[in-house]
Amino acid sequence: HGTELTAGGMKLALAETIADAERVPGTGEFEPQELIETCAAMPSPKELTFDFRSVTAFRTDRYDVPWPMPEYIFGSIAKRWQAFHMPLAFDDEDVRAQAQLLLPTWWNGRSVRKYFGPHRGVLGFTGQFSFGTERIPEEQRLLFLLLAQYAELSGVGRWTGYGMGQARCRWK
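In terms of our numbering, the sequence shown opens at residue 78 and continues consecutively.
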């Protein structure tokens with residue numbers, strides 16, 4: 078504790094690290110292999126619902142994408158999985174291609190512009206978005222469930238270090 082950080086030009090001091098879900102919901106620790114085994118033991122999901130609790134955005138070329146396209150959602154999560162050298166190898170481009178088969182089934186969301194300064198902002202979205210998995214091969218559905226669960230830990234999209242892309246997932 079007492080570690081100094083610099084974020085956005087501001088000096089910050091770390092007062093306490095909390096990884097206790099009973100004390101602060103949404104925090105904690107996990108073992109990647111345990112997450113994989115838990116997801117593998119679950120029934121194959123028919124639908125995945127994301128609740129984007131903070132502004133979430135994607136970037137393609139020079140443009141912000143203020144819409145939760147499944148290939149962007151799962152492509153983002155898969156890249157984070159690979160970046161942290163998690164167990165269970167897969168090709169993130171294959172995940173992105175398979176995600177295009179997910180069908181939107183319901184949504185309740187809105188576009189939001191998030192500003193970081195007077196002339197610096199991003200166009201994103203918040204809300205709940207559900208996707209049906211019926212067009213995904215049965216053996217691949219659990220991978221999508223695993224990635225959806227990992228999204229709660231990693232965040233989704235751009236600028237997760239600034240608090241963007243916080244998501245929760247449920248399935249049926």
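All C-beta atoms in this analysis are idealised placements derived from N, C-alpha and C, irrespective of residue type, glycine included.
For P147, the number of other beta carbons within 10 angstroms of its own is at least 16, and it is reported as buried. Secondary structure of E124 (DSSP, three-state): strand.
When only Cα atoms are considered, L89 and R173 end up about 37 Å apart.
DSSP places G152 in the helix class (H, G or I) of the three-state scheme.
Residue pairing from DSSP leaves D138 without any beta-bridge partner.
Rounded to the nearest whole angstrom, the C-alpha separation of T80 and Y239 is 19 Å. Residue environment: F221 is assigned as buried (16 or more neighbouring CB atoms within 10 Å of its CB, all protein chains considered).
In the DSSP annotation of this structure, T182 is not part of any alpha helix (DSSP H); the continuous beta strand (DSSP E) holding it starts and ends at L180 to G194. In this chain, R247 is not harboured by any alpha helix (DSSP H); it is covered by the beta strand (DSSP E) spanning A244 to W248.
CA-CA distance, L219 to L165, rounds to 12 Å. Between the segment 170 to 190 and the segment 109 to 123, the count of C-beta pairs closer than 8 Å stays below three; the two stretches do not touch. Setting aside the 5 residues that flank it on each side, L200 is surrounded in the same chain by D141, P143 and R190, each with a C-beta closer than 6 Å to its C-beta; the list follows chain order.
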